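Let me begin by presenting the structure, written as structure tokens, before commenting on it.
There are 2 protein chains.
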Amino acid sequence: MHSDERSAQAPISESDLVEIIKQRVNGGGAVPDGEVGVGDDAAVLRFDADHIVLTADAMVDGVHFLSDSMTWHDIGWKCIVSNQSDIAAMGAQPEHAVLTLAIPATTRVGDLEGILSGVIGALDRYGGKLVGGDTVSSDRIIISVSMTGRLLNEEKPLKRDTARPGHLVAVTGPLGGSAGGLMAMKEATQGKHQINADDEAQLLNAHFRPNPRVDLAGALVEFGAECAMDVSDGLLLDLERICVASGVDAVVDAARVPIEPALQRAYPEVATELALTGGEDYELVYAADAETIADVNSAQHSGEKAQFGIVGKIIPRQRTDAKVTVLDEAGREIEFDAKGWDHFAG
Amino acid sequence: MHSDERSAQAPISESDLVEIIKQRVNGGGAVPDGEVGVGDDAAVLRFDADHIVLTADAMVDGVHFLSDSMTWHDIGWKCIVSNQSDIAAMGAQPEHAVLTLAIPATTRVGDLEGILSGVIGALDRYGGKLVGGDTVSSDRIIISVSMTGRLLNEEKPLKRDTARPGHLVAVTGPLGGSAGGLMAMKEATQGKHQINADDEAQLLNAHFRPNPRVDLAGALVEFGAECAMDVSDGLLLDLERICVASGVDAVVDAARVPIEPALQRAYPEVATELALTGGEDYELVYAADAETIADVNSAQHSGEKAQFGIVGKIIPRQRTDAKVTVLDEAGREIEFDAKGWDHFAG
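If you read the sequences in order, they're chains A and B.
In terms of this note's numbering, the first sequence is residues 1424 to 1769.
In terms of this note's numbering, the second sequence is residues 1424 to 1769.
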């Protein structure tokens, strides 16, 4: 079947699908000399480094996104961004992506082109090139991406097990926007539009089109941070993972956590909780000394922002299991029902 | 939860799952200096080469395997092998694997350990190291693997678009065993055990535990082959893909196609058809001159086997679309209903 005969409404065959992806990805034979692009058994790519960063992340319809309340473009975007965020959290830049699409046989050509436009849009924006993948038939849509990355400093990956007592804990930007967007979407679905329209738009944008901090991975590495991860499942849960890996505990001052301004305005009563526990903001959380944090902040903020994003500190491990303690402004411990989002517990 | 408290029958949480994989993969802190293993945002691995080979392949319960008629070990094995086969078909050796498991929340710890034992078994046998992945919740099991590989000769990947008129077409081993195993399994399920027990065991083994030809990728590259792919969807369909990519046609002599001996004995009336159209044998099909084929054969067969596996030849493209013509012993064209397995058409 030639592409001009293919209707956007038509169901798709595996060979059509490969052809669409080849056209979108390889362009007009633009594969560099010595490389092999989409359409062979595997891709062959230039990669002249001593190390490779490799990650995989998958999203399932009904678990990580709802295909009936999200555009195909945004679904494709988010799946790439979550991988770019993992690459950034290692102190690396995205290089190559392979995409596995598990889709119902009834998926229309136009839907697939929507997914691809989101995939390629995020790659164009934050780095990386789609070089291959696989398509399989499935009841529900599952998008699985694997990406390679190149370390900005081959001697200095950003790891989880390098937090030390005395480090401060910082985040690279305001949190809770994605969780606020989910709340706004649910209310809108119920016919409630009680919040300011600009705030609603900002929160929905944070939820549907998050931005990975690929731009700050370089500053973290350059200014000597050694411990970072991305906030994908919620600050408290992800910080606990750092504590588990590093053999330390952490204390968080709830009042110091930067909150997405639109979230603070729209839902002030739950804003702090969502900033502490909401997932998928894709900011980075890192442990470092005050000087490193000030340097990283100077790379993104002008003026008096040296202490931006400092949310707490690392302390020695108190008991067997790692613990992240959250304190209110009076220094009293706050308990949460859920520290974050566990996809299997939900 | 500590691992000794975990029952093989218990349902699994995401953090348990990561812990099980870490224990199986990282061993006792055996990650080499400068690398980062399972449990961080991404893996960091030594890869000091100018090019990387990158592939992805997924398997869906009910489409590519049936979890109620296959062990978890074999499911894990097959998913790795299909990727190793793609790597071999590029003239490369497997290096790293990332595994994405989409599994129901009710999946038991013992089942997961079965999948992992198959995954790690195939990696130990044919090369590659499990370095990371992701786990997501899903109605049905989908196993998605991405692998990196290292070219045996960085100047000479084996490609699909390099078949030329005058080349002969050869396969690296007998075909049809996997399709014969599927037939034997269906008959056994219906209570029929009409074929010889040894043949049945061999065919089931070919279907459930196929072997990728990682061992022959080196001979193909060394002796000057430039065009190869693996037989994953059936010889005729995969050879057609070579013809499409290379702008040529092919002619296959059905009588010369090497048939799995157990298939020939067990199902003689359909053996040739299954050898031509059955998928998942994971032999390599390649186009090269007679001397190259003789050299490749000398690397695996002793004695008078110079012409082993030659099944046909490449000819100039006759019309607009690529065509693979199949001839019987009298030189008459044979038509098939299906050239092979298209997962979306089935």
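Using N, Cα and C, we set each Cβ at its ideal position, and we do this for glycine too.
Only a predicted model underlies this, so the values are computations on that prediction, with no experimental measurement involved.
What are the boundary residues of the beta strand (DSSP E) that residue i is part of?
| i | result |
| --- | --- |
| residue 1611 (chain A) | Unbroken run through residue 1611 (chain A) is the alpha helix (DSSP H), 1600–1612; no beta strand (DSSP E). |
| residue 1494 (chain B) | Element bounds for residue 1494 (chain B): n/a, residue is neither H nor E. |
| residue 1397 (chain A) | The structure shown has nothing for residue 1397 (chain A), since chain A only spans 1424 to 1769. |
| residue 1754 (chain B) | No beta strand (DSSP E) contains residue 1754 (chain B), which DSSP labels as neither H nor E. |
| residue 1664 (chain A) | Taken as a continuous stretch (DSSP letters only), residue 1664 (chain A) belongs to no beta strand (DSSP E), being part of the alpha helix (DSSP H) at 1658–1669. |
| residue 1651 (chain B) | 1650–1653 |
Does DSSP put residue i in a helix, in a strand, or in coil?
| i | result |
| --- | --- |
| residue 1478 (chain A) | strand |
| residue 1594 (chain B) | strand |
| residue 1451 (chain B) | In this predicted model, residue 1451 (chain B) has a pLDDT of only 44, less than 50, meaning its place in the structure is not dependable; the value taken from the coordinates is given anyway. Reduced to three states, the DSSP call for residue 1451 (chain B) is coil. |
| residue 1470 (chain B) | strand |
| residue 1736 (chain B) | strand |
| residue 1508 (chain A) | helix |
| residue 1583 (chain B) | coil |
| residue 1644 (chain A) | helix |
| residue 1573 (chain A) | strand |
| residue 1677 (chain B) | helix |
| residue 1483 (chain A) | strand |
| residue 1561 (chain A) | coil |
| residue 1552 (chain A) | strand |
| residue 1704 (chain B) | coil |
| residue 1750 (chain B) | strand |
| residue 1463 (chain B) | strand |
| residue 1767 (chain A) | Low confidence applies here, because residue 1767 (chain A) scores a pLDDT of 47, under 50, leaving its location unreliable; read the following figure in that light. Three-state DSSP puts residue 1767 (chain A) in coil, outside helix and strand. |
| residue 1744 (chain A) | coil |
Where do the ends of the alpha helix (DSSP H) carrying residue i lie?
| i | result |
| --- | --- |
| residue 1689 (chain A) | 1684–1689 |
| residue 1695 (chain A) | 1694–1700 |
| residue 1548 (chain B) | 1532–1549 |
| residue 1716 (chain B) | 1713–1723 |
| residue 1620 (chain B) | 1620–1631 |
Where residue i and residue j are concerned, what is the direct C-alpha to C-alpha distance, given to the nearest angstrom?
| i | j | result |
| --- | --- | --- |
| residue 1689 (chain B) | residue 1599 (chain B) | 12 Å |
| residue 1591 (chain B) | residue 1654 (chain A) | 55 Å |
| residue 1746 (chain B) | residue 1677 (chain B) | 15 Å |
| residue 1527 (chain B) | residue 1490 (chain B) | 12 Å |
| residue 1539 (chain B) | residue 1739 (chain A) | 35 Å |
| residue 1535 (chain A) | residue 1742 (chain A) | 50 Å |
| residue 1567 (chain A) | residue 1756 (chain B) | 42 Å |
| residue 1680 (chain B) | residue 1701 (chain A) | 59 Å |
| residue 1549 (chain A) | residue 1517 (chain A) | 8 Å |
| residue 1758 (chain A) | residue 1749 (chain A) | 7 Å |
| residue 1692 (chain B) | residue 1606 (chain B) | 13 Å |
| residue 1495 (chain B) | residue 1604 (chain B) | 17 Å |
| residue 1646 (chain B) | residue 1579 (chain B) | 11 Å |
| residue 1479 (chain B) | residue 1652 (chain B) | 15 Å |
| residue 1664 (chain B) | residue 1524 (chain A) | 21 Å |
| residue 1510 (chain A) | residue 1571 (chain A) | 8 Å |
| residue 1485 (chain A) | residue 1706 (chain A) | 24 Å |
| residue 1573 (chain A) | residue 1682 (chain B) | 46 Å |
| residue 1721 (chain A) | residue 1638 (chain A) | 13 Å |
| residue 1658 (chain B) | residue 1752 (chain B) | 18 Å |
| residue 1493 (chain A) | residue 1545 (chain A) | 16 Å |
| residue 1533 (chain A) | residue 1744 (chain A) | 50 Å |
| residue 1515 (chain B) | residue 1640 (chain B) | 7 Å |
| residue 1460 (chain B) | residue 1555 (chain B) | 7 Å |
Would the beta-carbon of residue i fall within 7 Å of that of residue j?
| i | j | result |
| --- | --- | --- |
| residue 1650 (chain A) | residue 1695 (chain A) | no |
| residue 1698 (chain A) | residue 1625 (chain A) | no |
| residue 1594 (chain B) | residue 1732 (chain B) | yes |
| residue 1717 (chain A) | residue 1729 (chain A) | yes |
| residue 1559 (chain A) | residue 1561 (chain B) | no |
| residue 1838 (chain A) | residue 1476 (chain B) | What is shown of chain A runs 1424 to 1769, which leaves residue 1838 (chain A) out entirely. |
| residue 1635 (chain A) | residue 1507 (chain A) | yes |
| residue 1713 (chain A) | residue 1583 (chain A) | no |
| residue 1671 (chain B) | residue 1588 (chain B) | yes |
| residue 1468 (chain A) | residue 1513 (chain A) | no |
| residue 1673 (chain A) | residue 1660 (chain A) | no |
| residue 1575 (chain A) | residue 1644 (chain A) | yes |
| residue 1557 (chain A) | residue 1481 (chain B) | yes |
Compile a chain-ordered list of the residues in the stretch 1470–1488 of chain A whose CB is closer than 9 Å to at least one CB of chain B. 1470, 1471, 1472, 1473, 1474, 1475, 1476, 1477, 1478, 1479, 1480, 1481, 1482, 1483, 1485, 1486 and 1487
Which residues, in order along the stretch 1560–1589 of chain B, keep a beta-carbon less than 9 Å from a beta-carbon of chain A? 1560, 1561, 1562, 1563, 1565, 1567, 1568, 1569, 1570, 1571, 1572, 1574, 1577, 1578, 1580, 1581, 1582, 1583 and 1584
Residues of the stretch 1637–1654 of chain A with Cβ closer than 9 Å to any Cβ of chain B, in chain order: 1651, 1652 and 1653
Residues, ordered as in the chain, of the stretch 1709–1720 of chain A that lie near chain B by beta-carbon distance below 7 Å: none
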